[in-house]
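Residue numbers (the numbering used here): 669 to 748.
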């Protein structure tokens, strides 16, 4: 995961994110986080705008599971 994030940061500039909306799940140590992000793809100058949803689970005060949801189509259009 670290290599994926580092690789992404090398090919974009002006990366920014909105403040997340957090949704706790009542019966679990889990939550959903929704936010938007954007940047400019360095190679093409195209704008990249994405909406994200993360599902996170915790155990003993630490995040133990993360699942990320986003539009692959938006990524393909920006980076192709």
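The beta-carbon is built from N, C-alpha and C at its ideal position, and this holds for glycine as well.
Since the model is a prediction, treat every value here as computed from it, not as a measurement.
Kindly list the residues whose CB is nearer than 6 Å to the CB of residue i, restricted to its own chain and excluding five residues on each side of it in sequence; keep chain order.
{"i": "residue 685", "result": "703, 705"}
{"i": "residue 724", "result": "699, 731, 734"}
{"i": "residue 707", "result": "680, 682, 683, 716"}
What does residue i pair with, by DSSP beta-bridge criteria?
{"i": "residue 722", "result": "701, 736"}
{"i": "residue 707", "result": "716"}
{"i": "residue 689", "result": "702"}
{"i": "residue 730", "result": "727"}
{"i": "residue 680", "result": "709"}
With respect to the beta strand (DSSP E) encompassing residue i, which residues constitute its N-terminal and C-terminal limits?
{"i": "residue 695", "result": "Looking at the DSSP string, residue 695 is not in any beta strand (DSSP E), and its letter there is neither H nor E."}
Since residue i contacts residue j with CB under 8 Å, what's their CB separation in whole angstroms?
{"i": "residue 719", "j": "residue 739", "result": "7 Å"}
For residue i, which residues from the same chain have a beta carbon less than 8 Å from its beta carbon, with the 5 sequence-adjacent residues on both sides left out?
{"i": "residue 721", "result": "700, 701, 702, 736, 737, 738"}
{"i": "residue 727", "result": "697"}
Tell me which same chain residues have a C-beta within less than 7 Å of the C-beta of residue i, skipping the five on either side of it?
{"i": "residue 711", "result": "679"}
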